[in-house]
Structures are given as structure tokens and as C-alpha cells.
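In what follows, a single structure is set out as C-alpha cells and then discussed.
Number of protein chains: 2
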Amino acid sequence: MNSGLVTIKDLARELKISASTVSRALKNHPDISEETKRAVHELAEKLNYQPNAVALSLKQRRSNTIGVIIPEIVHYFFSSVISGIEDVAYDAGFNVIICQSNERYEREVANVKTLMASRVDGILISISKETTDYKHLYNLRNNNIPTVFYDRIVPGLQADHVIIDDFDASYRVTKHLIDSGRKHIAHFAGPLNLLISQHRKNGYLKALNEAGIPEDRHLIFEADTFEKARLFAMRLINEKRSFDGIFAVNDLTAIGAMQTLQKRGIKIPEDVAIVGFSDGRFSGITDPRLTSVDQHGYEMGTIATEMLLKRILADDKEYPFETKVLNANLIIRGSSL
Amino acid sequence: MNSGLVTIKDLARELKISASTVSRALKNHPDISEETKRAVHELAEKLNYQPNAVALSLKQRRSNTIGVIIPEIVHYFFSSVISGIEDVAYDAGFNVIICQSNERYEREVANVKTLMASRVDGILISISKETTDYKHLYNLRNNNIPTVFYDRIVPGLQADHVIIDDFDASYRVTKHLIDSGRKHIAHFAGPLNLLISQHRKNGYLKALNEAGIPEDRHLIFEADTFEKARLFAMRLINEKRSFDGIFAVNDLTAIGAMQTLQKRGIKIPEDVAIVGFSDGRFSGITDPRLTSVDQHGYEMGTIATEMLLKRILADDKEYPFETKVLNANLIIRGSSL
DNA sequence: GCCTTAACCGCAAACGTTTGCGGTGTCGTT
DNA sequence: AACGACACCGCAAACGTTTGCGGTTAAGGC
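Take a look at the structure:
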């Protein structure tokens, strides 16, 4: 029974005037006398009147709410994206509904459905690792729901995007390793149905190529978790592969590899240099500290939200889709010196 | 213009029947003929009809949405709480609106207001570090809005709570340090207007007391961030205090201290044992690995949400407030052996 | 004394649903 | 032939707002 909250009608009844008058008085409409306005404002204050946002949403066909679909909140990168989103949305008077896909396709589809049902004014989405079917996303387009994709985008889909230059960053990472004398560089890649994983791998390959280093498929794994990293690092050792560098698709993977190697007596960075990706809280607290790429999650969140709000507020006016590419800084630390 | 979404009226117009009939047909009301039902369901499917949740909220005076106020999402503990909340809410068909207070009082007050305006069915809240005035929270109570406090609760406020036994956990942490031979144990405490900080400090003091170790106020600091930890760790060294253990109010603080000491050549755990709190992703990746207390964020989120849903669904029926106290496991690792 | 003009205010419709109550039409029964 | 029963459907009100379009007063001008 939280319908105990006071409505305009309650104010009207109490003051013996009409609801319309109360509504107008509350927004200082010139048609209303100063006296009435004062009375209304006073009572509203006294009874702690809060306009019913639900009723407003229905009336204005505008919910002032944006939906966010995020793979997993517990990652530093994603939670900082949310922070960015939250801050910008808050300043613009928008609410944020968060849905986690938990990296599951089914759940992502359900999330989209929920957000559409909630009539959010727009959606920010980073697709799950499982997602290879994009029907639900095309559906968004067909219904004219403003949507901005951040970080993990859909190949070929015309839409607003904000991403970092994964290809270039990975290229620079790998080049950095090569420049410091490494010749056998392993790559722990992400799932290749994600564009970012592809880009990161391709940037890695380009740098190898430029340096005249042949691609060695024994040094490339699909390993994007802490556990998988330990597994494959172990395999590298057991199979006696010669390698002197690892470029991992994210920090946790890099750290998994690092720990495994260290336990087997391999020195970082002397024997093997390691670089992660998506500079989070971890990179500063390993020993040695982890070279990584700052993915600028917070900034990505703010920019994506600004793009979305712009499109929401443009309303009728159409304009071409935009793609913003953020620079990713390579932050060199002890693990690759 | 996402009002492009199809409504019951659209279906009605298309089928030349009334909106009421469509509504009933959609929910297989017995008054409607099989034939009409089939036609309605078919068209609804074809046009991808999604019931307008906003209209429903207004009508049923129930939004099927819960609000969450959280200090800062980017902390592992809090983001795992959110995960727990999200999962339970999702299964129950509830949406989640997230608001970050960013540890600011003003923002927290605004968050409460927003959530009330959005007519959420209930609120989960962990108060900010700044919050010492509880008017906005009492306001929730006065308006009969179901509220569950998690982790950081309000002293003396009658409400549902879910917390961990900070006092006991801290007591055990400190006892563990004492049992392993430490005699001069420093405490890096959190802001004392938070109950959890008080409890943690008191648990620490109790263990000292029991062991006949006098409290040394030179060894107690209010330091709950990475930077402050480095500062005070440095001060401990510079002032040549003799200490052989540190119990920090959270992991990041512990790590800040650990790194500072290590840089000054102090060996962990040989010279100084260190224990953190709120076992996150960090504790496994430091060197040595950090002894900490598992705060069970995910579980806290699920339990808090279950309590909230229970109260929401109880609706009219009132029942006494509950407080659930979760056990916190002490996880002993290299930093305190 | 009548008309204009302004100053205030209320009616009613609308946003998309649900739902009580009634209405229509078609049977079968007597 | 009249009536009840049943199956099926629509009207209208309601949830809390906003807003166009009037309507009612009172004052002022002629």
C-alpha cells in the first residue's frame, strides 16, 4: 500500500479546487492567482507531494528512463561504465534501469523485452559473449528505440557506437613487446564472435607481421578467464613451448598466467613479459605491477550516455549514426620492462 | 517517437473489436470465444505486441520495480551485491533501478526522492559514508514503502536489515593475529559514523582486551582508502612505531599498507602480518595473498531482495521487522601466516 | 445598463490498461 | 410464443497527470 503517497487529487480535495488548478499552480502557470499558488505550494510541501512519475510517463509517452544491458557488473570495466552512465543520466534527470545478461544470450533477449515493455526512452547495450543472433537488436531499430552500443558492438549493424580502438591498442601492446626484444609472444584471446576479440587478435597479428615474426598457432589460445589462463599457461610450460611474452585479452587472464608462471619459477618480466588489457584496479597491485591498456570505462559510459540522450532529445529529427572511437592508453609497468 | 510500439487499441482497431475484448483475449478470459482469442493472439504475435508496463503500473499501483541505492558500484563487494539483487529480482519478474550515492549525502537524498517519484515497490539501501541525518529514510517509513537495509544500516532505525557479523568477524581476525604471536596490532578503521566501522573496531578492541593487550591509540587510524593506507603506513614507519600486525577495514586499504611496507623492505608476513576485510578479487592476486574476510556480497544481495519481495508481496499484512546476520568467513592466506 | 476585457478557474479528454456491469443475439424449454 | 440461459462482447470508469477550451466573475469603458 505505498499508494499512500499523496496525489494532485488529494491536494485538490483538501483545498477544494480542481486538479487542473493544482497542476498549474505547481508549475507556476500565469493563469493561477498568487494566492492559490501559495496555498498549493504550501500544502504540497507540507504533505510532501511527489509527482507520480509513472502517470507522467504514460501521459508524456516519455519515461525519462534509460535502460542499460551489461554483461556482468562485477567487472571493474563494466562497473565503471555504469558509473559514467549513472552520472550523466542523473545530471540530465534520467533514471537508469540496469539489466545483466550474465553473458547469456537468452537473458539478453529477455532484457531487451523487459526494457521495451518498460518503455525506456533509449537503451545502452554491450552484447553478451554468447550472442550471435541479432534479431532482438534489429527489433530495437525497427521500433525506433534509440540505442547506443558500447564496447561490444554488433558487426554490420547501423547504429550509434562507442568503442575503443582495440586493434590499434593491441598493435601497440604487441609492438611494445617486440620492441623490448620479445620474439615468441603468446596471445590469450577472447571469444572470436566478439568483434573486440577479433580486433585485439588482429592488432596482435599485424604487429607480428610487421616485425617479420611468423604467426605461431601453438601460441594462440581462446582463454579469457582467470582459470583458463592458468590452464593454458600450464600447458605452455608442459609442452615446453618457447615463449617470452604473453598478451592477454584482459587483466585477470594476464594475472592468471603470471601467477602460474611464477609458481613454476619463471621470472616476470625477465623470462616472460606479460601485458593485460582493460586497466582496472588489479594492475596496480600485482607484483610486478601489470602493464595494461586503459580502457576508459567511465569515459565510455559518459560518452555513450551523451550520445543516447542526444538522440532521445532529438526525437523526430533523424541524423546519421555516429561511431566514437576512444583512445586507449598503453600503460607500461613492471611486468613488461 | 518510440510510441511506435503497438498497443491494445491498435490491435482492437485492426480487428474491429473493442480494447476490452483484446485485453481479455490476451489473458484467455473464458468470456471470449476461441476464435477471437486465436485472432488476437495471432495479430499480437505478428505485430510484436508488448504490454505497456507503464500503463500497467499506473493501473495496478504496482510497478514491479525495486530501487537500489548503493554507495559505489565499482567496488567488488557492492557490485556482487547488485548481482545478487538482480538475479532474484529477475526471477520474480521485477525490474531494478539502480542509484549511486557516490558516498554523498545530498545525492542519497535525491536518490530516495527519485525512487519515490518512480513509485518503486520497495527499496534496498546501503547508506553513504557521509550520511548522518536520516530524515529521508524515516520518510520512507512514514510512507509505508518497504525498505531493506543491507550492510550499512541506520543505528536505531526499526526496519529490515541484512548484515554480516562485523563485530564477530573482526574479533576473529584480531584473535587470529594474536594467536599467531602478534602483539602490536594496528587498525586502519573506517569512518565511525558507519555502524560497520564501529563494529569492526570494537571486535578488534575486544580481542585485544581479552588477550590483555592494551589499546594503543597511536596504532589506530581512520584510513579506509588505498591512498590513506599508504600515508598512514608510511607514518607508522617514520614514527618508528613498533608493530607486527595490521588489521585493515577493507582489502584495498590492506593492500595499500602492504605495498608501502614492502617498498620499505618490511617483510610480509614475517615482520608484519596483514589482514583485510571484504574478500574480493584482490585478495587472491597479491603477493603474498591476502588474508581476508569473505563478506558474501552476492548472498547478501539475494537475501536482502528476498526479504524485500516478501514484504512487498505481503502488502497489507504487517509483520515484525527482521534482521538477518550472515556469517563472515575468515580466509587465512599468506599475508598472516 | 450593456459590452469588452482580463483574471481565474474547471471540464473533459487523453496516455494504455483492466474490469464490473450490462447489452445483444442465439438457443432450447415450456 | 414467451422466457430463461448462455455465450460473447462493449461501455465506461479508473489509475495520476497535463492541457485546450471554455466558463464565470468582476472591473472598467462607453
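Listed in order, the protein sequences are those of chains A and B. Sequence positions in the first sequence follow our numbering and run 1 to 337. Sequence positions in the second sequence follow our numbering and run 1001 to 1337. Even for Gly, the Cβ is constructed at its ideal location relative to N, Cα and C. Everything numeric in this text was worked out from a predicted model, so none of it was measured.
For Lys-1113/B, at least one C-beta of chain A is nearer than 8 Å to its own C-beta. Interface with chain A (8 Å Cβ-Cβ cutoff): Arg-1038/B is excluded. For Gln-50/A, the closest Cβ of chain B is nearer than 8 Å. His-199/A sits buried, since 16 or more C-beta atoms from the chains shown fall within 10 Å of its C-beta. Chain order gives no chain A residues near Glu-1130/B, where near means a beta carbon separation below 8 Å; the closest approach is about 17 Å. Collapsing the DSSP output to three states places Lys-1175/B in a helix.
Interface annotation for the segment 1276 to 1298 of chain B against chain A: Arg-1281, Phe-1282, Ile-1285, Thr-1286 and Asp-1287, criterion Cβ-Cβ distance under 8 Å. The beta carbons of Ala-89/A and Ile-73/A sit no closer together than 8 Å.
The beta carbon of Leu-1058/B falls within 8 Å of a beta carbon belonging to chain A, placing the residue at that interface. Leu-1219/B is positioned such that its CB atom lies no closer than 8 Å to that of Arg-1235/B. Within the same chain, His-136 come within 6 Å of Val-112/A by CB-CB distance, once the 5 residues on both sides are set aside. Glu-1106/B and Val-1068/B have their C-alpha atoms some 16 Å from each other. Here Ile-97/A is near Val-120/A, since their CB atoms are less than 8 Å apart. Contact between the segment 1154 to 1164 of chain B and the segment 1173 to 1189 of chain B is absent, with fewer than three C-beta pairs closer than 8 Å. Around the C-beta of Pro-71/A, 16 or more other C-beta atoms lie within 10 Å, and the residue is accordingly described as buried. When the five nearest sequence neighbours on each side are left out, the beta carbons in the same chain lying within less than 6 Å of the beta carbon of Gly-1190/B are those of Ser-1197, Asp-1224 and Val-1249, in order along the chain. The continuous alpha helix (DSSP H) containing Val-1040/B extends over residues 1034 to 1047. For a cut-off of 8 Å, the C-beta gap from Ser-335/A to Ala-1053/B is around 49 Å, too long to register as a contact. Along the segment 93 to 108 of chain A, going in chain order, the ones with a CB nearer than 7 Å to a CB of chain B are Asn-95, Val-96, Ile-97, Ile-98 and Gln-100. By the C-beta density criterion, Ala-314/A is exposed, having fewer than 16 other C-beta atoms within 10 angstroms.
Taking every protein chain shown into account, the CB of Ser-33/A has fewer than 16 other CB atoms within 10 angstroms, so this residue is exposed.
Gly-1067/B: member of the beta strand (DSSP E) spanning 1065 to 1070, first to last residue. Gln-158/A is classed as exposed because its beta carbon has fewer than 16 other beta carbons within 10 Å across all chains shown. In the displayed model, Gln-198/A falls within a helix according to three-state DSSP. Taking 8 Å as the upper bound for CB-CB distance, Tyr-138/A and Ser-170/A are not in contact here, some 29 Å apart. Listed along chain B, the residues sitting closer than 9 Å to Tyr-76/A by beta-carbon distance are Val-1074, Tyr-1076, Ser-1079 and Arg-1281.
In the three-state reduction of the DSSP assignment, Tyr-150/A falls in the strand class. Any Cβ of chain A closer than 8 Å to the Cβ of Leu-1337/B would place that residue at the interface, and such an atom is absent.
Beta-bridge partners of Asp-294/A (DSSP): Asn-329/A.
The beta-carbon separation of Phe-1188/B and Ile-1237/B, rounded to 14 Å, does not stay under the 8 Å limit for a contact. If you compare the alpha carbons of Gly-122/A, Gly-93/A, Ala-92/A and Ser-128/A with that of Val-109/A, the shortest gap goes to Ser-128/A.
With respect to chain B, the C-beta atom of Val-54/A has a partner C-beta closer than 8 Å. Interface flag for Ser-1083/B against chain A is set, since a Cβ pair is found closer than 8 Å. When Ile-331/A, His-296/A and Pro-146/A are compared, the shortest CA-CA separation from Arg-311/A is found for Pro-146/A.
A distance below 8 Å between beta-carbons, with the five flanking residues on each side excluded, links Ile-185/A to the following residues of its chain, in chain order: Thr-174, Leu-177, Ile-178, Tyr-204, Leu-208, Ile-213, Leu-219, Phe-243, Asp-244, Gly-245, Ile-246 and Phe-247. Under the three-state reduction of DSSP output, Val-1096/B falls in the strand class.
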